Structure formats: C-alpha cells, structure tokens
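Structure, as structure tokens:
In our numbering, the protein residues as written are 34 to 215.
Here's what the structure looks like:
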C-alpha cells in the first residue's frame with residue numbers, strides 16, 4: 034500500500050505537462066543569466082531547467098523535496114539537493130511553478146534572501162480565464178499569486194528592476210527581478 038506522502042507526491046506531479054513544451058518555454062528565459070551566475074532552482078522537479086542552464090554554460094543547483102525527482106536529476110548528472118538539507122548558495126533564484134504551493138510568508142522569506150541578485154518566478158496566471166478551471170486540480174496549490182503581487186514583493190525585497198509578462202498563451206505569469214549593483 035502506498036504511503037500518504039507517496040500519493041500526495043504522485044498527484045501533485047500529475048499535471049506537470051509535456052516535457053518538450055516545458056523545455057521550449059523555459060529556454061526563452063536563459064538570457065536573464067550569465068556564466069558568472071550560480072542559479073538555485075527551488076522545486077527543480079525533473080531538472081529540465083537545470084539541463085538548459087548546464088547546456089548554456091551556467092551553473093545550476095536544484096533543490097527538491099521529492100526523492101524521485103532528485104533521483105531523476107542525479108541520473109542526468111545534475112547538481113541537486115534535498116529541500117530539508119538546503120544551504121543557501123548561489124546569487125540567483127528560479128522558482129518555476131513553486132510559489133503557488135507556498136503561504137505568503139514562506140514566499141517572502143524565500144525571496145528576501147540577501148544573496149539573490151536575480152529572481153525569476155513562473156506561476157499560473159490566475160487572471161487567465163482558463164486557469165480558474167485548472168488551478169485547484171493540483172492538490173498541493175495553496176493560493177494563486179497575481180503578477181502585481183509578485184512584482185510588489187520583488188520590489189520590497191530589494192529588486193530595483195522588475196518586469197512581468199506572460200507565456201504559454203497567457204496561462205503562465207513570468208516575473209523577473211534584478212538587484213542593480215552599486
């Protein structure tokens with residue numbers, strides 16, 4: 034019999050979407066990072082983004098609580114850590130389809146780490162009419178985060194330059210913030 038945790042992890046990953054489609058969407062965000070960055074990808078899942086970073090010559094470190102997802106990443110030769118043993122490293126943070134799984138104070142704590150000079154967030158676009166019908170299918174979703182809320186949080190945690198857009202025909206919100214070097 035499966036454990037409650039195993040059932041939860043399976044159901045929470047059941048609607049991730051096509052691998053190649055995600056790869057193509059994520060590829061368009063590589064321009065935010067350089068080989069000088071170390072990108073910490075929180076909730077790295079199966080490592081698609083980490084592979085793209087590696088192929089672009091950018092160091093990426095994945096963090097995930099799911100041992101099956103960490104195992105997939107390790108089998109690809111990717112650097113990945115258990116969320117419970119996560120040591121804040123790197124200067125850039127990416128969180129693709131993660132913040133909607135967190136309470137607001139958890140999001141603020143994650144994003145306010147002084148080490149982050151760059152933050153890239155992708156989350157479902159709750160303002161898209163079709164997202165209303167799909168958002169709660171993922172039982173691990175806690176709440177939606179409209180782009181205006183994420184923009185405001187990034188400004189409050191010290192990102193001087195913040196931009197928001199959509200991708201995937203408007204289904205996703207993409208918010209990027211960068212701390213200007215002084």
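All residues carry an ideal CB built from backbone N, CA and C; glycine is no exception. Quick caveat, the model's predicted, so the values are computed rather than measured.
The beta strand (DSSP E) enclosing residue i, as first and last residue numbers
{"i": "residue 200", "result": "194–200"}
{"i": "residue 75", "result": "71–75"}
{"i": "residue 126", "result": "125–129"}
{"i": "residue 88", "result": "Here residue 88 belongs to no beta strand (DSSP E); instead the alpha helix (DSSP H) covers 81–88."}
{"i": "residue 113", "result": "112–115"}
{"i": "residue 207", "result": "205–211"}
{"i": "residue 78", "result": "Looking at the DSSP string, residue 78 is not in any beta strand (DSSP E), and its letter there is neither H nor E."}
{"i": "residue 94", "result": "92–97"}
Buried or exposed by the 16-neighbour rule on C-beta atoms within 10 Å, applied to residue i
{"i": "residue 56", "result": "exposed"}
{"i": "residue 192", "result": "buried"}
{"i": "residue 97", "result": "buried"}
{"i": "residue 132", "result": "buried"}
{"i": "residue 48", "result": "Its pLDDT being 48, under 50, residue 48 is placed unreliably by the model, and the measurement read from it follows with that caveat. Burial call: exposed."}
{"i": "residue 173", "result": "exposed"}
{"i": "residue 81", "result": "buried"}
Cut-off 7 angstroms between Cβ atoms - residues of its own chain near residue i, not counting five sequence neighbours on either side
{"i": "residue 160", "result": "179"}
{"i": "residue 158", "result": "164, 199, 203, 204, 205 and 206"}
{"i": "residue 65", "result": "151, 153 and 209"}
{"i": "residue 109", "result": "80 and 84"}
{"i": "residue 52", "result": "81"}
{"i": "residue 186", "result": "140, 141 and 144"}
Close Cβ partners of residue i (< 6 angstroms) along its chain, the five nearest in sequence each way excluded
{"i": "residue 73", "result": "94, 123 and 126"}
{"i": "residue 114", "result": "96"}
{"i": "residue 188", "result": "195"}
{"i": "residue 75", "result": "96, 128 and 131"}
{"i": "residue 34", "result": "none"}
{"i": "residue 86", "result": "72 and 93"}
Neighbour flag for residue i against chain B, beta carbons, 9 angstroms
{"i": "residue 91", "result": "Protein chains in the displayed structure number just one, and chain B is not present."}
Delimiting residues of the alpha helix (DSSP H) encompassing residue i
{"i": "residue 59", "result": "52–60"}
{"i": "residue 151", "result": "Here residue 151 belongs to no alpha helix (DSSP H); instead the beta strand (DSSP E) covers 151–157."}
{"i": "residue 185", "result": "180–189"}
{"i": "residue 167", "result": "164–167"}
{"i": "residue 103", "result": "100–108"}
{"i": "residue 137", "result": "137–144"}
Beta-carbon separation (whole angstroms), residue i vs residue j, contact threshold 8 angstroms
{"i": "residue 182", "j": "residue 195", "result": "Actually they do not touch by this definition, with Cβ atoms about 12 angstroms apart."}
{"i": "residue 153", "j": "residue 190", "result": "Not confirmed; about 14 angstroms, so no contact."}
{"i": "residue 84", "j": "residue 111", "result": "7 angstroms"}
Beta carbon of residue i nearer than 9 angstroms to that of residue j
{"i": "residue 155", "j": "residue 130", "result": "yes"}
{"i": "residue 63", "j": "residue 91", "result": "yes"}
{"i": "residue 208", "j": "residue 201", "result": "no"}
{"i": "residue 78", "j": "residue 107", "result": "no"}
Chain-order list of residues whose beta-carbon lies under 8 angstroms from that of residue i (same chain, five-residue window excluded)
{"i": "residue 137", "result": "176"}
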